[in-house]
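Novice: Numbering (my numbering), first residue to last: 15 to 597. Quick one: the structure is below, questions incoming.
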């Protein structure tokens with residue numbers, strides 16, 4: 015809007031004191047200040063409102079106006095309530111710097127002027143952006159993509175001064191304008207969005223993270239990859255993208271909300287376009303899966319793998335290794351529209367597994383081009399290619415959160431030597447948002463096979479991944495995973511021990527030690543764990559606990575005395591080890 019339009023609005027009570035030749039300046043915003051130097055808060059184009067509290071004598075006007083003019087403000091409006099008359103030195107300074115000056119009648123509140131300017135400026139910007147978005151919609155729907163979601167987000171930033179990002183259900187950045195969104199912040203916003211969606215509330219959802227307010231708009235997947243006619247929010251909540259805007263949309267006018275809804279529809283069209291490319295990979299995975307489950311000859315399976323390899327690993331000259339990942343989403347009974355058994359979980363697990371297998375350190379919607387996922391019944395099955403045993407394709411565990419995830423793996427050194435994906439690291443960066451989407455009635459379980467070198471090994475890899483998923487399903491928690499390395503150890507057996515047997519076994523061995531620790535603070539449990547972890551080495555265990563060896567021998571003797579066991583015997587060591595794992 016122009017300064018002239020403000021002067022012509024009688025309700026604003028403005029009186030021009032100078033700058034008649036500059037009334038065609040464009041007003042892009044408004045700011046109220048009584049600081050002597052407000053330059054840090056100015057970006058240019060503002061109408062500055064001031065009550066003149068900064069004005070003590072005539073020498074104050076010149077530096078104040080010089081700062082405003084240097085910042086490129088559109089004009090200055092001074093209130094008459096403080097000094098009654100606008101100082102002549104201020105009028106002269108504005109004339110000298112060619113800055114339009116208005117007097118604001120004492121009966122008019124600055125809030126009235128601010129509200130009028132904001133409403134006018136926002137309306138004009140929204141109208142301009144709506145026209146641009148409409149042109150962009152025609153481009154995207156009538157021909158090749160006109161630049162993708164980034165173009166629309168750039169328009170939001172340049173025309174409405176809104177920072178926005180498109181995020182996946184796990185918080186991974188699909189697109190954004192300006193600086194990338196940090197991974198933990200994206201995960202937190204996705205968690206807020208999924209939790210709000212599960213309550214049935216309509217978007218946009220408001221989220222405050224680290225002192226900043228965001229508005230979260232759902233991007234409904236209505237294209238070929240969508241769940242048809244979803245009867246229950248659980249059929250789509252874990253597969254929809256979202257638009258995160260750094261602003262509080264709770265007091266936005268309807269026109270601006272409609273505009274943002276139009277932006278989400280544009281992005282949904284682009285998602286459908288990009289999902290179409292994933293259809294080829296899904297079909298390849300489905301064909302291979304059907305052959306493996308039907309017990310087809312290895313030569314026939316190998317032929318299908320030769321077709322899949324160039325699609326998933328373009329330019330690769332040798333046949334890769336393969337890993338199989340199996341995922342399942344299970345829902346409990348609730349009072350929602352569809353019963354838990356009626357929810358189509360297979361497609362949800364398929365879309366979710368495609369997202370989980372993307373490296374969290376890679377942004378953008380096309381980073382899943384090495385992933386082929388099929389679904390059969392209620393489970394999803396991924397066929398993941400690995401180039402070679404020594405130069406495996408980087409997996410999600412190698413992303414920004416991968417190193418932290420490795421600390422939770424039982425034998426990280428051993429896993430580092432294995433190619434491909436590891437179960438614990440796969441869920442490291444997505445566990446928090448997915449748990450919010452699963453809420454109190456959903457579970458995600460995932461199993462990962464070892465790498466296999468040929469078609470003959472795929473059937474075994476599929477069974478291995480399914481068995482690992484069942485191990486994960488026996489564990490507590492909303493989001494659980496297990497890997498092939500756990501199928502050859504005691505970890506495979508522990509989840510299937512009945513709870514009453516577990517409690518009785520651990521109580522018999524560990525309760526005497528816990529009781530003694532409570533009474534004497536002797537740290538016998540901690541000593542036992544360290545002693546077993548050091549393979550019974552007195553020297554290494556004493557060094558780890560910062561104890562003298564004689565003190566360690568005294569503690570171990572007390573453990574043996576209280577339990578009637580002998581820690582020099584392998585059987586008793588094994589019993590203690592299992593009791594600690596089951597406790």
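Ideal Cβ positions, reconstructed from N, Cα and C, are used throughout, including at glycine.
Count the other CB atoms within 10 Å of the CB of residue 307; is the residue buried (16 or more) or exposed (fewer)?
Specialist: Position 293 of the chain shown, counted from the start, is the residue given in the question as residue 307. By the 10 Å Cβ count, residue 307 comes out exposed.
Novice: What's the gap between the Cα of residue 275 and the Cα of residue 19?
Specialist: Position 261 of the chain shown, counted from the first residue, corresponds to residue 275. Position 5 of the chain shown, counted from the first residue, corresponds to residue 19. Residue 275 and residue 19: Cα-Cα distance of roughly 31 Å.
Novice: Which two residues bound the contiguous beta strand (DSSP E) that contains residue 45?
Specialist: For the purposes of this step, residue 45 is taken as residue 31 along the chain shown, with counting starting at 1. Note, residue 45: beta strand (DSSP E), 43 to 46.
Novice: Using beta-carbon positions only, say whether residue 541 and residue 596 come within less than 7 Å of one another.
Specialist: As a working note, residue 541 is residue 527 in the chain shown. As a working note, residue 596 is residue 582 in the chain shown. For residue 541 and residue 596, no; Cβs fall outside 7 Å.
Novice: Could you give the uninterrupted runs of the alpha helix (DSSP H) lying entirely in the stretch 265 to 307, keeping only those of 4 residues or more?
Specialist: 268 to 307
Novice: Excluding the five sequence neighbours on either side, which residues of its own chain have a C-beta within less than 7 Å of the C-beta of residue 68, listed in chain order?
Specialist: For the purposes of this step, residue 68 is identified with residue 54 of the chain shown, where counting begins at 1. So the qualifying residues of the chain are 48, 49, 50, 74, 78.
Novice: If residue 168 and residue 193 are in contact, beta carbons under 8 Å, what's the gap, nearest whole angstrom?
Specialist: Counting from one through the chain shown, the residue named residue 168 turns up at place 154. Counting from one through the chain shown, the residue named residue 193 turns up at place 179. The pair is not a contact, with the Cβ atoms about 13 Å apart (cut-off 8 Å).
Novice: If you follow the beta strand (DSSP E) that residue 91 is part of, which residue opens it and which one closes it?
Specialist: Residue numbering aside, residue 91 sits at position 77 when the chain shown is read from its first letter. Note, residue 91: beta strand (DSSP E), 89 to 93.
Novice: In three-state DSSP terms, what is residue 208?
Specialist: Within the chain shown, the letter at position 194 stands for residue 208. Looking at residue 208 - three-state DSSP - the assignment turns out to be helix.
Novice: Tell me the rounded alpha-carbon separation between residue 100 and residue 118.
Specialist: Counting from one through the chain shown, the residue named residue 100 turns up at place 86. Counting from one through the chain shown, the residue named residue 118 turns up at place 104. Taking the straight line from one Cα to the other gives about 10 Å.
Novice: Would DSSP call residue 565 helix, strand or coil?
Specialist: Numbered from 1 along the chain shown, position 551 holds the residue referred to as residue 565. Helix, per DSSP.
Novice: What does DSSP give as the partner residues of residue 324 in its beta bridges?
Specialist: Translated into positions along the chain shown, residue 324 becomes position 310. In the DSSP output, where bridge partners are listed per residue, residue 324 has none listed.
Novice: Quick check: the Cα distance between residue 438 and residue 565, rounded to an integer number of angstroms?
Specialist: Walking along the chain shown from the start, residue 438 turns up at place 424. Walking along the chain shown from the start, residue 565 turns up at place 551. Their backbone Cα atoms lie some 37 Å apart in a straight line.
Novice: Could you tell me the distance, in whole angstroms, from the CA atom of residue 53 to the CA atom of residue 86?
Specialist: Translated into the one-based positions of the chain shown, residue 53 becomes position 39. Translated into the one-based positions of the chain shown, residue 86 becomes position 72. One C-alpha to the other measures close to 10 Å.
Novice: Starting from residue 339, follow its DSSP beta bridges and name the residues at the other end.
Specialist: Counting from 1 along the chain shown, the entry for residue 339 is found at position 325. For residue 339, which the question treats as bridged, DSSP gives the partners 396, 462.
Novice: What number of angstroms, rounded off, separates the C-alpha of residue 107 from the C-alpha of residue 65?
Specialist: Indexing the chain shown from 1 puts residue 107 at position 93. Indexing the chain shown from 1 puts residue 65 at position 51. The alpha-carbon separation between residue 107 and residue 65 amounts to approximately 17 Å.
Novice: Between the alpha carbons of residue 179 and residue 468, how many angstroms are there, rounded?
Specialist: Within the chain shown, residue 179 is the residue found at index 165, counting from 1. Within the chain shown, residue 468 is the residue found at index 454, counting from 1. Each residue's Cα considered, the two are about 41 Å apart.
Novice: When burial is assigned at 16 or more other CB atoms within 10 Å of the CB, is residue 210 buried or exposed?
Specialist: In the chain shown, the residue the question calls residue 210 occupies position 196. If you draw a 10 Å sphere on the C-beta of residue 210, you find 16 or more other C-beta atoms in it, and that means buried.
Novice: To which residues of the same chain is residue 93 closer than 6 Å at the C-beta, ignoring the five residues directly before and after it?
Specialist: Taking the first residue of the chain shown as 1, we reach residue 93 at position 79. So the list reads 65, 118, once near-sequence residues are dropped.
Novice: Can you check whether the CB of residue 282 is closer than 7 Å to the CB of residue 447?
Specialist: For the purposes of this step, residue 447 is taken as residue 433 along the chain shown, with counting starting at 1. For the purposes of this step, residue 282 is taken as residue 268 along the chain shown, with counting starting at 1. In terms of Cβ geometry, residue 447 and residue 282 do not form a close pair [threshold 7 Å].
Novice: Under the assumption that residue 527 contacts residue 576 (Cβ atoms under 8 Å), give the Cβ distance between them as a whole number of angstroms.
Specialist: The residue given as residue 527 occupies position 513 in the chain shown. The residue given as residue 576 occupies position 562 in the chain shown. 6 Å between Cβ atoms; contact.
Novice: How is the alpha helix (DSSP H) around residue 479 delimited, first residue to last?
Specialist: Counting from one through the chain shown, the residue named residue 479 turns up at place 465. Taken as a continuous stretch (DSSP letters only), the alpha helix (DSSP H) holding residue 479 covers 472 to 487.
Novice: Just to confirm before moving on: does the CB-CB distance between residue 213 and residue 342 stay below 7 Å?
Specialist: On the chain shown, residue 213 is found 199 positions in, with the first residue counted as 1. On the chain shown, residue 342 is found 328 positions in, with the first residue counted as 1. No, the Cβ-Cβ distance between residue 213 and residue 342 is not below 7 Å.
Novice: Alpha carbons only, please: which of 39, 231, 345, 334 is nearest the one belonging to residue 115?
Specialist: Translated into positions along the chain shown, residue 115 becomes position 101. Residue 115 has its Cα closest to that of 39, out of 39, 231, 345, 334.
Novice: Measuring CA to CA, which of 457, 30, 522 is closest to residue 494?
Specialist: On the chain shown, position 480 is the one that residue 494 refers to. Cα-wise, what sits closest to residue 494 is 457.
Novice: Would you tell me roughly how many angstroms separate the C-alpha atoms of residue 36 and residue 165, rounded to the nearest one?
Specialist: Here the question's residue 36 lines up with position 22 in the chain shown. Here the question's residue 165 lines up with position 151 in the chain shown. Taking C-alpha positions only, residue 36 is separated from residue 165 by approximately 34 Å.
Novice: If you draw a straight line from the alpha carbon of residue 88 to that of residue 277, how long is it in whole angstroms?
Specialist: Residue numbering aside, residue 88 sits at position 74 when the chain shown is read from its first letter. Residue numbering aside, residue 277 sits at position 263 when the chain shown is read from its first letter. Between residue 88 and residue 277, the C-alpha separation is close to 31 Å.
Novice: Who are the near neighbours of residue 480 in its chain, counting only those whose CB is closer than 8 Å to its CB and skipping five residues on each side?
Specialist: Position 466 of the chain shown holds residue 480. Hits under 8 Å: 340, 393, 461.
Novice: Just to confirm, is the Cβ distance from residue 232 to residue 263 under 7 Å?
Specialist: For this step, residue 232 is matched to residue 218 along the chain shown. For this step, residue 263 is matched to residue 249 along the chain shown. The answer is no: Cβ separation not under 7 Å.
Novice: With burial defined as no fewer than 16 other Cβ atoms inside 10 Å of the residue's Cβ, what is the status of residue 334: buried or exposed?
Specialist: Along the chain shown, read from residue 1 onward, the residue named residue 334 stands at position 320. Under this definition residue 334 is a buried residue.
Novice: Can you check which of these residues, 522, 345, 361, is closest to residue 487 by C-alpha distance?
Specialist: Against the chain shown, residue 487 aligns to sequence position 473. Of the listed residues, the one whose Cα sits closest to residue 487 is 345.
Novice: Since residue 198 and residue 451 should fall inside the 8 Å C-beta cutoff, what is the C-beta to C-beta distance between them, to a whole number of angstroms?
Specialist: To locate residue 198, count along the chain shown from 1; it is residue 184. To locate residue 451, count along the chain shown from 1; it is residue 437. At roughly 17 Å, the Cβ-Cβ gap does not stay under 8 Å, so residue 198 and residue 451 are not in contact.
Novice: Looking at the secondary structure, which residues open and close the beta strand (DSSP E) in which residue 60 lies?
Specialist: Your numbering for residue 60 matches position 46 in the chain shown. That run of the beta strand (DSSP E) goes 60 to 64.
Novice: If distances are taken between C-alpha atoms only, which option among 269, 80, 234 comes closest to residue 174?
Specialist: Along the chain shown, read from residue 1 onward, the residue named residue 174 stands at position 160. Among 269, 80, 234, the Cα nearest to that of residue 174 belongs to 269.
Novice: Looking at the strands, I want to know which residues DSSP matches up with residue 233.
Specialist: Reading the chain shown from its first residue, position 219 is the one you call residue 233. Looking at the DSSP assignment, residue 233 forms a beta bridge with 255.
Novice: Could you give the residue range of the alpha helix (DSSP H) that holds residue 180?
Specialist: One-based indexing of the chain shown puts residue 180 at position 166. Where residue 180 is concerned, there is no enclosing alpha helix (DSSP H), although the beta strand (DSSP E) it sits in stretches over 178 to 181.
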